[in-house]
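Below is one structure; the comments refer to it alone.
Protein chains in written order, with this note's numbering: chain W, 3 to 452; chain V, 3 to 452.
This is the structure in structure tokens:
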């Protein structure tokens, strides 16, 4: 247990250092029984619990709120891989194991754990399950929810629910794990999980393709998807301004870019020819303006780094107000056009940085400060900007938080965009499972207006 | 509204005619608003509601229980396809649309709705979502849960929750649809759903393979899966005694059979060569004893009919006590061996009929009466037999209801195999969403013992 202010500091602030509130202490338990004892103790004393994984979240969901006595419960020491079943294609791990450690354990058994995103070296499984994390392979494998077979959860009353099953199919009553996945630690503390593994991918073809804009990117996605189905394992959109923030210049200049990859399990599968012929057709029809296929593992790594380095480039050049919208695919071009028109009119000096997972309809529409200014220059407009972007997505049947979750930062969106019926349902479930409101209070569900 | 006994009869009994109890009436609403009005009316008068789809379930979850005034709420007239978005790969339908109608609408748009099982011509979407139905394509596409993007649900207080979103990613608070999927109508009445479509499959190779038993079947599954991943779209196990109940003799005699299919979206993909080479390796290594590849669409249909006709053959020859277990894949051979040993010792005259979805670890272990006897001959032993089979699965980390659900029939299994913590969680959620216990009472969650 860490009680000194200096020791607590790293746990009290989110990783962007935008949200920091004091906790009474930070507890680092080793076992589910210790988590259970801590929860019972806090419940008896009316102290709230903030479960924390790798603290890489973007919505301040894993750090304290102001005004409530809170204990940070870090799962970092519960970092053991408990079992890997190569026949059943499952891995069972404690909540504090990093995503990368799960990927590596899977790879060592010639399997794939198909969830990947920038913070994977630090993000912990308990956190990525609690946020139903996404990343670049959702297209083919789904979000974290699709990978979870079983959970072990410490409940608000300190009891341990052992739902650590390793079954593909189990229709025995309510599927309780679904309630804890994506609940941001507000309904229970996830202490372990059994996850699905997939067969390893042994053939890959990767290309960077130039396109005129989102409409052409969408056309390209759809032809690749119709041809290859779940064999299309990567399809990312990078606007021209986003590419300018990457760690290197792209191999050609285009208005916008698509990074696409076809993969197969069978090492002899000819994914390169499949991708080449699809790209030849796209160039012929004018859907694509340029295309470069990676000719080696090194070239593949460099192409992928272009996409992965965009957020770092953004941070290094002053940061941005981040957004994480999703819309039905057909609505992507109109939504982006509406956003660009709005900014040209109302915020002409800001700079839009748009990139993301086009096949999922999920784009990060980030707003950078005017050239030469810091993010502080946008402080007065920040909430209006966020509300405008969120509303444009929601008006087209979209989401104002596709993969990052709600935490503290997106609570205004919940109040603005969710129906009373929906909020009431969430509150009813929260009250049923945590009647004292001790688990991660002030996150995800906005308080009822009186 | 049907009130005459003769009109109600078809709705009051489950399709096997094993469970029948009277309802006050059968209501057949056309709109969500009518469903809402009916629920409010019933709530005001303390009348319970039994939501009913195609009434093809195997656990009597959609028919009344004894001793409670109940209205059967049939969704059969809410059978409109509301929208199909070919760009976003989604279809939105009312709850009473049959599974087959969804498949056909998808196919007409050159898409695939990848859920398929014997009763698809009658089963309705509201019911297949409420039971989280499985079937023969779970291996590659997951259960019904994996296909649902959004729901419209009438709640216990009559309010309508409009969660009919068409998004691949949406982390805005609790994912409420997950709570209603597989809830067997105990938490709300599903009135419409938005479902994922997949790209159509345009190349197929199908084979029937002879194997020595479940261990060899498992080895064969694992090599096909490692080679083809989700391209392995079918892998069914049929024991020798099960094959004897099929609609035709198999092309060769073997101790047991595997029906396997590789598929691809790209019509030019050479799945036949891939399957041939995998089967040649299996024959070489002794994993397979025989193998026949379908040479035409007609031969494919005939091979698949062998598997699909087993349940009908079972019913035509006296029926069986049905079971629906799942275990981790590595535990399949030992579980089946333990079941066969038990039956050889304790019930030597009964006949085991074992078949199912081996890649999901899900097998139907059905117990037929002794030759020349009817199912009534097993009445005295029925509950002991079911308990024995369920316990053998659960003891190996398995499930006693992999895809059929609980309904009325599997309630003893819930009491026997679920922990107090798990049952308490289910009851807390039930009470939060349906405090008067008006929605499908007497199903899924056993009453608390006093």
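Each residue gets a CB set at the ideal place from its N, CA and C atoms; glycine is no exception.
If we count the other Cβ atoms within 10 Å of its Cβ and call it buried at 16 or more, is residue 351 of chain W buried or exposed? By the 10 Å Cβ count, residue 351 of chain W comes out exposed.
In terms of alpha-carbon separation, which member of W:184, W:199 and W:242 lies closest to residue 211 of chain W? W:242
Chain V contact for residue 159 of chain W (CB, 7 Å cutoff): no
Less than 6 Å separating the Cβ of residue 420 of chain W from some heavy atom of the ligand MN? Within the structure as shown, the ligand MN is missing, as the structure has no ligands at all.
Which residues, in chain order, does the region 173-189 of chain W contribute to contact with chain V at a C-beta distance below 7 Å? 173, 174, 175, 176, 177, 178, 180, 181, 184 and 185
Hey, would you say residue 192 of chain W sits closer than 7 Å to residue 147 of chain W, going by beta carbons? no
For residue 223 of chain W, which residues from the same chain have a beta carbon less than 6 Å from its beta carbon, with the 5 sequence-adjacent residues on both sides left out? 237, 360 and 361
Reduced DSSP secondary structure (H/G/I, E/B, other) of residue 150 of chain V: strand
State yes or no: is the C-beta of residue 39 of chain V within less than 7 Å of the C-beta of residue 73 of chain V? no
Per-residue burial, residue 254 of chain V [other beta carbons within 10 Å of its own, 16 or more giving buried]: exposed
For residue 237 of chain W, write down the residues that DSSP places opposite it in a beta bridge. W:262
Evaluate residue 154 of chain W with the Cβ neighbour count: other Cβ atoms within 10 Å of its Cβ, from every protein chain shown; 16 or more gives buried, anything less gives exposed. buried
Per DSSP, what are the beta-bridge partners of residue 214 of chain W in this structure? Answer is none; residue 214 of chain W lacks a bridge partner.
From V:87, V:129 and V:46, pick the residue whose C-alpha is nearest to that of residue 109 of chain V; which is it? V:87
Can you look up residue 384 of chain W in the DSSP assignment and give me helix, strand or coil? Here residue 384 of chain W sits in helix by DSSP.
If you draw a straight line from the C-alpha of residue 382 of chain V to the C-alpha of residue 338 of chain V, how long is it? 23 Å
For residue 389 of chain V and residue 215 of chain V, the rounded distance between their alpha carbons: Taking the straight line from one Cα to the other gives about 25 Å.
Just the C-alpha distance for residue 2 of chain V and residue 187 of chain W, rounded to the nearest angstrom, thanks. Because residue 2 of chain V is not part of the residues shown, which for chain V are 3 to 452, the question remains open.
Nearest residue (CA-CA) to residue 302 of chain W, options W:19, W:225, W:207 and W:132: The option with the nearest alpha carbon to residue 302 of chain W is W:207.
Just the C-alpha distance for residue 385 of chain V and residue 319 of chain V, rounded to the nearest angstrom, thanks. Straight-line spacing of the CA atoms in residue 385 of chain V and residue 319 of chain V works out to 21 Å.
Could you give the residue range of the beta strand (DSSP E) that holds residue 370 of chain V? 364-370
Would you verify that the beta carbon of residue 408 of chain W is, or is not, closer than 7 Å to some beta carbon of chain V? yes
Using 8 Å as the threshold, is the region 369-380 of chain W in touch with the region 400-416 of chain W, meaning 3 or more CB pairs across them? no
Can you tell me the Cα-Cα spacing of residue 43 of chain V and residue 426 of chain W, whole angstroms? 21 Å
Is the Cβ of residue 229 of chain V closer than 7 Å to any Cβ of chain W? Cβ-Cβ to chain W under 7 Å: yes for residue 229 of chain V.
Going along chain W, which residues have a C-beta under 7 Å from residue 402 of chain V? 174
Three-way DSSP call (helix, strand, coil) for residue 497 of chain V in this model: In the structure as shown, chain V begins at 3 and stops at 452. Residue 497 of chain V is therefore absent and cannot be evaluated.
Cutting at 6 Å between CB atoms, please list the residues of its own chain near residue 82 of chain W, excluding the five before and the five after it. 96, listed in sequence order.
Any C-beta of chain A within less than 7 Å: which residues of the region 307-338 of chain W qualify? Annotation note: the requested chain A is absent from the structure, which comprises protein chains W and V.
In this structure, how does DSSP classify residue 9 of chain W when only helix, strand and coil are distinguished? helix
Please classify residue 449 of chain V as buried or exposed, where buried requires at least 16 other C-beta atoms within 10 Å of its C-beta. exposed
Which residues in the same chain have their Cβ closer than 8 Å to the Cβ of residue 27 of chain W, if we skip the five residues on either side of it in sequence? Only 3, 4, 5, 10, 73 and 74 meet the Cβ criterion.
What residue does the alpha helix (DSSP H) around residue 353 of chain V start on, and which one ends it? Unbroken run through residue 353 of chain V is the beta strand (DSSP E), 353-359; no alpha helix (DSSP H).
Residue 232 of chain V vs residue 142 of chain V beta-carbon contact at 7 Å: yes
Identified DSSP bridge partners for residue 164 of chain W: W:154
If we ignore side chains and look at the alpha-carbon of each, how far apart do residue 2 of chain V and residue 180 of chain W end up? The requested residue 2 of chain V does not occur in the structure, where chain V is confined to residues 3 to 452.
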